[in-house]
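**Q** The structure under discussion is supplied below as structure tokens; questions concerning it will follow.
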Amino acid sequence: MIEKLLKLGDRYASESTWKDFALVKFCLFAMGLAAGTQVPEKHKKTVIGASAAVFTATYIPLMAKLFRIAFRKEA
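In my numbering, the protein residues as written are 8 to 82.
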């Protein structure tokens, strides 16, 4: 199972461009920001909402590409 996941990761990386890796960075940044936000209470909802929006906007295309690669039949 782990070997299959590692091979999938290798295929994903080999078929990705710099844009895909930029999305990964934005996605992880947004998740980290939402999890560890240290802003005043009155601004916390705004920061978490913006982080959730960025996370969602980047996570969906990343996972769509991952599932396309994972379920594609190899020739």
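A virtual CB, placed ideally from N, CA and C, is assigned to each residue, including glycine.
Drop a sphere of 10 angstroms on the beta-carbon of L15, count the other beta-carbons inside from all chains shown, and report buried for 16 or more, exposed for fewer.
**A** Classification of L15: exposed, given that the 10 Å Cβ count is below 16.
**Q** Decide if L30 is buried, meaning its Cβ has at least 16 other Cβ atoms within 10 Å, or exposed.
**A** L30 comes out buried.
**Q** Helix, strand or coil for T63? Go by DSSP, reduced to three states.
**A** Helix, per DSSP.
**Q** Going by the beta-carbon positions, is the gap between C34 and F62 smaller than 8 angstroms?
**A** Closer than 8 angstroms, so yes.
**Q** Give a yes or no on contact between the segment 40–55 and the segment 12–28, applying the rule of three or more CB pairs nearer than 8 angstroms.
**A** With a cut-off of 8 angstroms, the segment 12–28 and the segment 40–55 do not count as touching, because too few Cβ pairs lie within range.
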